[in-house]
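Trainee: Can you keep this structure in mind? I'll have questions shortly.
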Amino acid sequence: MDGGALGVLPIGAGVRGAALLQRFFVEFVAAFDEPAARVSWIASIGIAVQQFGSPVGSALSTKFGPRPVVMAGGILAALGMLLASFATSLTHLYLSIGLLSGSGWALTFTPTLACLSRYFSRLRSLAMGLALTGVGLSSFAFAPLFQWLLSYYAWRGTLLLVSAISLHLVACGALLRPLSLTEDPAVGGPGAQLASLLHHGPFLRYTVALTLINTGYFIPYVHLVAHLQDLDWDPLPAAFLLSVIAISDLVGRVVSGWLGDVVPGPVARLLMLWTTLTGVSLALFPVAQAPTALVALAVAYGFTSGALTPVAFSMLPELVGTGRIYCGLGLVQMVESIGGLLGAPLSGYLRDVTGNYTASFVVAGAFLLAGSGVLITLPRFFCVSAPTSKPQDLGTEALDTKVPLRREGWERTELQKDPESQRLAAPGLVPHMVPRGPRCLQHLDLSSATAGPGLLRCVCQLLGSCRGLLSLLGFHSHGCRIQEFSLLQ
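When the letters of the sequence shown are read in order and numbered with the numbering used here, they come out as residues 1 to 489.
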């Protein structure tokens with residue numbers, strides 16, 4: 001890891017301030033005598049503003065760099081919490097926490113993750129997992145701390161302390177070291193990047209999937225404490241259960257980040273697995289009544305929900321490239337804000353209608369399962385193997401580190417030097433590159449071949465284990481397609 005990239009690791013502790021609002025949910029309901037649905041809008045507005053304003057943070061980071069943008073975001077987040085401590089109505093909380101602090105989170109979350117992803121290619125998932133452990137650490141530390149502060153200082157005094165904690169984002173932002181990549185000029189300005197992304201089918205499907213996931217993902221962060229109190233749990237044991245979730249979340253992020261780099265196959269499959277398990281565990285919360293069952297379910301939910309986060313962000317550079325990561329991540333955050341805006345109020349409405357949180361958790365789990373279904377449509381999902389980083393990232397990494405790296409697994413060859421390949425050559429095809437490493441037969445592009453593509457595809461699949469045929473076909477060692485062919489005249 002580059003030392004400059006490590007500067008963003010503490011950012012995760014403060015960025016997810018909206019998730020910490022679950023500790024204040026019950027206090028706000030009692031203080032303002034409002035239904036759960038209206039109080040839920042505080043967190044929903046904060047999450048939505050954070051995500052909807054992400055393109056602004058991306059554009060400012062492209063123009064001025066992530067360091068001043070993140071520092072400004074920390075000031076806004078702290079100012080919003082400070083003003084919220086003087087609120088006399090829910091409208092004041094909507095404007096202070098939801099709008100002002102949410103704007104600060106928008107200027108911190110996207111620039112830090114985008115800056116980090118540009119530093120890594122082969123270990124990107126692990127880097128994301130380690131960076132996002134700050135969320136689990138903050139939840140583990142702040143769950144009992146905030147409960148203790150609420151008992152001694154009430155919610156107004158606690159918000160003042162949260163404002164002081166949020167100011168640490170300014171110091172964390174000062175540690176960022178922006179990186180200039182050689183591919184940055186080639187991708188064009190923000191307008192050109194946006195136009196290309198809006199015509200990028202896999203990116204659009206990925207955005208739809210994350211929007212569905214986001215709709216149900218934040219429900220426990222807002223309503224789990226209230227659900228436990230409906231089960232006659234005391235506040236401190238409920239806070240302990242949240243700490244259990246936080247520890248499992250932390251472990252899940254690290255393990256998932258490591259698996260994303262070492263397990264062969266596309267990262268989308270790991271994301272689909274973790275999303276499915278999270279949706280199932282979320283839907284089972286109303287079923288668990290005994291403390292032992294709730295603790296076991298909390299461990300499962302915390303691990304899987306934490307595990308899906310690093311792979312969700314690490315696979316975006318594979319879809320759009322590191323040069324467009326600022327614009328891509330900002331656009332994804334903006335669109336998925338629709339889910340963050342509607343999820344918590346919908347669950348609060350279901351609670352007010354049904355009298356319990358059973359329907360709320362079941363519907364939240366259904367949204368995550370729907371998102372995992374969309375992930376199946378992403379490219380190379382059913383490939384035998386797929387890259388953990390884009391091939392062009394390897395060359396970019398070599399230029400950035402000033403180390404002469406070669407593309408692993410490739411070497412030039414001539415057909416005449418390999419009698420076996422010459423003997424097995426398909427009529428009309430000559431390979432230009434011979435790869436070594438994992439192969440995939442999912443995306444053969446035989447449109448220019450003189451032989452029938454259907455017949456030739458069958459032959460390739462039947463003889464895929466033959467070394468000579470693999471050398472002939474020129475499978476990319478980091479992808480799932482044939483690299484290059486030319487027709488014999």
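The beta-carbon is built from N, C-alpha and C at its ideal position, and this holds for glycine as well.
Looking only at its own chain, which residues have a Cβ that is under 6 Å from the Cβ of His227, when we skip the five neighbours before and after it?
Mentor: Around His227: Tyr357.
Trainee: Can you tell which of Thr304, Gln229, Gly340, His92 has the C-alpha that lies nearest to the C-alpha of Pro291?
Mentor: For the residues Thr304, Gln229, Gly340, His92, the minimum Cα distance to Pro291 belongs to Gln229.
Trainee: Hey, how far is the Cα of Leu368 from the Cα of Ile213?
Mentor: Each residue's alpha carbon lies about 5 Å from the other.
Trainee: Judging by CA-CA distance, which residue of Gly328, Phe285, Trp274 is the nearest neighbour of Ala370?
Mentor: The shortest C-alpha separation from Ala370 is found at Trp274.
Trainee: Any idea what DSSP makes of Ser89, helix, strand or coil?
Mentor: DSSP places Ser89 in coil when its eight states are reduced to three.
Trainee: Can you tell which of Ala344, Leu342, Phe313, Leu346 has the C-alpha that lies nearest to the C-alpha of Leu331?
Mentor: Checked all of Ala344, Leu342, Phe313, Leu346; the closest Cα to Leu331 is Phe313.
Trainee: Determine the DSSP secondary structure at Ala344, reduced to helix, strand or coil.
Mentor: Correct three-state label for Ala344: helix.
Trainee: Hey, how far is the Cα of Pro387 from the Cα of Pro266?
Mentor: Note that Pro387 scores a pLDDT of 45, beneath 50, so its modelled location is shaky; the value from the coordinates is reported in the next line. Cα to Cα, Pro387 sits roughly 6 Å from Pro266.
Trainee: Out of Phe28, Arg177, Tyr153, Gln147, which has the shortest C-alpha to C-alpha gap to Pro235?
Mentor: Considering only alpha carbons, the answer is Gln147.
Trainee: Whose CA, out of Pro286, Thr88, Thr110, Thr62, lies closest to the CA of Arg156?
Mentor: Checked all of Pro286, Thr88, Thr110, Thr62; the closest Cα to Arg156 is Thr88.
Trainee: In angstroms, rounded to a whole number, what distance separates the CA positions of Leu342 and Gln50?
Mentor: Near 14 Å, if we compare the C-alpha coordinates of Gln50 and Leu342.
Trainee: Check Pro379 in the structure and name its three-state DSSP category.
Mentor: The answer is coil: DSSP assigns Pro379 none of H, G, I, E or B.
Trainee: Are Pro286 and Phe361 touching if we call contact CB-CB under 8 Å?
Mentor: Going by C-beta atoms, Pro286 is nearer than 8 Å to Phe361.
Trainee: For Gly306 and Thr278, I'd like the C-alpha separation in whole angstroms.
Mentor: Approximately 9 Å between the Cα atoms of the pair.
Trainee: State the start and end residues of the unbroken alpha helix (DSSP H) segment that holds Tyr217.
Mentor: Counting along the chain, the alpha helix (DSSP H) containing Tyr217 begins and ends at 201 to 217.
Trainee: In whole angstroms, what is the alpha-carbon distance linking Leu93 and Pro144?
Mentor: The straight-line gap from Cα to Cα measures roughly 23 Å.
Trainee: Between the beta-carbon of Gly102 and the beta-carbon of Ile45, is there less than 8 Å?
Mentor: Contact flag set, yes.
Trainee: If you reduce the DSSP assignment to three classes, tell me which class Asp33 lands in.
Mentor: Three-state result, Asp33: coil.
Trainee: Check whether the Cβ atoms of Asp352 and Ala59 lie closer than 8 Å to each other.
Mentor: No, Cβ-Cβ distance for Asp352 and Ala59 is not below 8 Å.
Trainee: What are the boundary residues of the alpha helix (DSSP H) that includes Tyr301?
Mentor: Segment 291 to 314, the alpha helix (DSSP H) holding Tyr301.
Trainee: Within a Cβ cutoff of 7 Å, which residues of the same chain sit near Ile376, ignoring the five residues on either side of it in sequence?
Mentor: So the qualifying residues of the chain are Met272.
Trainee: Does the beta-carbon of Gly201 have 16 or more other beta-carbons within 10 angstroms, so that it is buried, or is it exposed?
Mentor: Exposed, because fewer than 16 other Cβ atoms sit within 10 Å of the Cβ of Gly201.
Trainee: If you check the beta carbons only, do Ala48 and Ser166 fall under 8 Å apart?
Mentor: No, they are not a contact pair.
Trainee: Can you list, in chain order, the residues of its chain with a C-beta nearer than 7 Å to that of Val403? Leave out the 5 residues immediately preceding and following it.
Mentor: For Val403, the pLDDT reaches just 37, beneath the cut-off of 50, and the residue's location in the model is therefore unreliable, although a value from the coordinates is still provided. Cβ neighbours of Val403 beyond the five flanking positions: none.
Trainee: Return the chain-ordered ranges of every alpha helix (DSSP H) run that is complete within the segment 324 to 370 and spans a minimum of 4 residues.
Mentor: Counting only runs of 4 or more, we get 325 to 354.
Trainee: Throw me the rounded Cβ distance for the Thr211 and Ile338 pair, which I believe falls under 8 Å.
Mentor: Their Cβ separation, rounded to whole angstroms, is 6 Å, which keeps Thr211 and Ile338 in contact under 8 Å.
Trainee: Whole angstroms are fine: how far does the CA of Pro66 sit from the CA of Cys115?
Mentor: The alpha-carbon atoms of Cys115 and Pro66 are separated by roughly 7 Å.
Trainee: Here's the rule: buried if 16 or more other CB atoms are within 10 angstroms of the residue's CB, otherwise exposed. What is Val263?
Mentor: Val263 comes out exposed.
Trainee: Counting only the same chain and skipping the five closest in sequence on each side, list residues whose C-beta sits under 6 Å from that of Trp233.
Mentor: Cβ within range, chain order: n/a, list empty.
Trainee: At the level of alpha carbons, what is the spacing between Leu99 and Ala43?
Mentor: C-alpha separation (whole angstroms): 10 Å.
Trainee: Does DSSP put Gly157 in a helix, a strand or coil?
Mentor: Note: Gly157 maps to helix in three-state DSSP.
Trainee: Alpha carbon to alpha carbon, how far is Ala192 from Leu329?
Mentor: Straight-line Cα distance between these residues: approximately 15 Å.
Trainee: Is Ser54 near Gly80, with beta carbons less than 8 Å apart?
Mentor: Result no, Cβ atoms of Ser54 and Gly80 do not sit closer than 8 Å.
Trainee: Have a look at Ala30, Leu241, Pro35, Gly340 and flag the residue whose alpha-carbon is nearest the alpha-carbon of Ala293.
Mentor: Measuring from the Cα of Ala293, the nearest candidate turns out to be Leu241.
Trainee: Thinking C-beta only, is Val222 closer than 8 Å to Ala344?
Mentor: In this structure, Val222 lies closer than 8 Å to Ala344 by Cβ.
Trainee: Measuring straight from C-alpha to C-alpha, what distance separates Ser448 and Val170?
Mentor: The predicted position of Ser448 is uncertain, since its pLDDT is 38 and thus under 50; a value taken from the coordinates is nonetheless stated next. Roughly 56 Å separates the two Cα atoms.
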